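Enquirer:
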Amino acid sequence: MKNLELQIKVKDWFFIFIIAIFFSIILSIYSYFLIDENIQNALYFGLLLGIDIFMFSMVFINYLNNYILPKVSKKYWILLAIVFSFLSGFLGTILTYFLSIFFDIYLIEKFKNSYILFSIFIGFLTYFVAALLYQFVKMSNKKEHNEKLLLDSRLKSLQRQLNPHFLFNSLNSLVELLHEDINKAEENLVELSKFLRQSMKESALNSLKDEIDNLKRYVFLENVRFSNKIVLNLDIKKEYFEILIPKFSIQLLVENAIKHGFDKNKKQLIINIVCIKNKEFEIIVSNNGKPVKNDSFGIGLKNLKERLEILLNGKVLLVNKELPTYKIIIGKKNEDINNG
107 MKNLELQIKV KDWFFIFIIA IFFSIILSIY SYFLIDENIQ NALYFGLLLG IDIFMFSMVF
167 INYLNNYILP KVSKKYWILL AIVFSFLSGF LGTILTYFLS IFFDIYLIEK FKNSYILFSI
227 FIGFLTYFVA ALLYQFVKMS NKKEHNEKLL LDSRLKSLQR QLNPHFLFNS LNSLVELLHE
287 DINKAEENLV ELSKFLRQSM KESALNSLKD EIDNLKRYVF LENVRFSNKI VLNLDIKKEY
347 FEILIPKFSI QLLVENAIKH GFDKNKKQLI INIVCIKNKE FEIIVSNNGK PVKNDSFGIG
407 LKNLKERLEI LLNGKVLLVN KELPTYKIII GKKNEDINNG
């Protein structure tokens, strides 16, 4: 992984560009103002100087960060940074001098006669500004990195809570099946193996297809205990199969439906899953079981709510208590989180 101190993002380059232009224009306006010269010339010269210094800075910093600093001891970094920052200002000023002559931009007489001396002076100024910018970028990178580590830590902590609750029930059911139907017991053992293999993957996100495939295995295994009274209806277009969702997200809602909604007075517990995509991708899970008694979320739903927020800026909502219905809204993937 690249050293945090050497990482410069696009937004950092934009900030550096703005600072270079601002620094150069202010310096030029002040210099031209002292000799009571046209401010328009100061703006042209300052803009040109800022662009030239930025171009040299970008080339030198990229080369330094990618090819030199990673290969040398840190004790030489400051010296190399001083040299290359100075060169950015020095060479940028010299280039501006010749371009100003080419574009017929008015130059202050003293600068015109001693442009090398002024280039050295601006080279040192560039170093001091670059040193301040370096500290800013370094602190910004560390802050983002620490936030990312915190989110990753929270996510891993949440994922550790996701051990399948039904494992022991499934094993007990298998023991009973071994005495009743050896072929069915073997079929269930294969499905349990596939389910656990998928569940143990390190990724925090699964494709919708993988999640649905594992959900089918889960319902198949639960139906051993519930004598095939759980019916799963799916209304999902194939074009949605590659959409990423948090692992166990749909299964958790189905698990809740079985655990809290199963009504012995009804022949079947029918669970419907519908996926729709408008502005956002929505997964609607409903069942014909017992009404939801409490609006507040338990540990499992709170866990799902937090994972959705961390991973996908999403949310989970209870939309109907009488006909138990939950909606998962999938937002934009958080780029600061590793899917692993």
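Residue numbers in the sequence shown follow the working numbering, run continuously in steps of one, and reach 446 at the last position. Glycine included, C-beta positions come from ideal geometry on N, C-alpha and C. This structure is a prediction, so every number in the text was calculated from the model and none was measured.
Thinking C-beta only, is D401 closer than 8 angstroms to L424?
Expert: Along the sequence shown, read from residue 1 onward, the residue named residue 424 stands at position 318. Along the sequence shown, read from residue 1 onward, the residue named residue 401 stands at position 295. Taking 8 angstroms as the Cβ cut-off, L424 and D401 qualify as a contacting pair.
Enquirer: Cutting at 7 angstroms between CB atoms, please list the residues of its own chain near I159, excluding the five before and the five after it.
Expert: If you number the sequence shown from 1, residue 159 lands on position 53. The answer, listed in chain order, is A126, S130, S194, G195, G198, T232.
Enquirer: On the criterion of 16 or more Cβ atoms from any shown chain inside 10 Å, does L238 qualify as buried, or is it exposed?
Expert: Mapped onto the sequence shown, residue 238 falls at position 132. Per the 10 Å Cβ criterion, exposed.
Enquirer: How far does the alpha helix (DSSP H) with F347 in it reach, from first residue to last?
Expert: Taking the first residue of the sequence shown as position 1, residue 347 is located at position 241. Taken as a continuous stretch (DSSP letters only), F347 belongs to no alpha helix (DSSP H), as it is neither H nor E.
Enquirer: Closest to I336 by CA distance: which of Y324, V281, V243 is it?
Expert: The residue labelled residue 336 in the question sits at position 230 within the sequence shown. Ranking the options by Cα distance to I336, first place goes to Y324.
Enquirer: So for P430, helix, strand or coil by DSSP?
Expert: To locate residue 430, count along the sequence shown from 1; it is residue 324. DSSP places P430 in coil when its eight states are reduced to three.
Enquirer: Please report how far the alpha carbon of N393 lies from the alpha carbon of K343, in whole angstroms.
Expert: Counted from its first residue, the sequence shown places residue 393 at position 287. Counted from its first residue, the sequence shown places residue 343 at position 237. C-alpha separation (whole angstroms): 20 angstroms.
Enquirer: Report the CB separation of R338 from I377 in whole angstroms; it is logged as a contact under 8 angstroms.
Expert: For the purposes of this step, residue 338 is taken as the residue at position 232 of the sequence shown. For the purposes of this step, residue 377 is taken as the residue at position 271 of the sequence shown. It should be pointed out that residue 338 corresponds to Leu in this sequence rather than to Arg. L338 to I377, Cβ: 5 angstroms. Contact.
Enquirer: Taking all protein chains shown into account, do 16 or more other C-beta atoms lie within 10 angstroms of the C-beta of I184, making it buried, or fewer, making it exposed?
Expert: Looking up residue 184 in the sequence shown gives position 78. The residue is exposed, with fewer than 16 neighbouring Cβ atoms inside 10 Å.
Enquirer: Expressed to the nearest angstrom, what Euclidean distance is found between the alpha-carbon atoms of L359 and N172?
Expert: Here residue 359 corresponds to residue number 253 of the sequence shown, with the count starting at 1. Here residue 172 corresponds to residue number 66 of the sequence shown, with the count starting at 1. Roughly 48 angstroms between the two C-alpha positions.
Enquirer: Quick check on this structure: which residue in F347, K438, L414, K396 has the alpha carbon closest to the alpha carbon of K385?
Expert: Position 279 of the sequence shown, counting from 1, holds the residue named residue 385. Measuring from the Cα of K385, the nearest candidate turns out to be K438.
Enquirer: Assuming L311 contacts S276 under a Cβ cut-off of 8 angstroms, what Cβ separation, rounded to an integer in Å, is found between them?
Expert: The residue you call residue 311 lines up with position 205 of the sequence shown. The residue you call residue 276 lines up with position 170 of the sequence shown. With 8 angstroms as the limit, L311 and S276 do not qualify as a contact, their Cβ atoms being about 25 angstroms apart.
Enquirer: Unbroken alpha helix (DSSP H) runs of length 4 or more, entirely within the stretch 122-204: which are they?
Expert: Those alpha helix (DSSP H) runs which fall completely within the stretch 122-204 and span 4+ residues are 145-169.
Enquirer: By how many angstroms is the C-alpha of D369 removed from the C-alpha of K433?
Expert: On the sequence shown, residue 433 is found 327 positions in, with the first residue counted as 1. On the sequence shown, residue 369 is found 263 positions in, with the first residue counted as 1. Cα-Cα distance, rounded: 22 angstroms.
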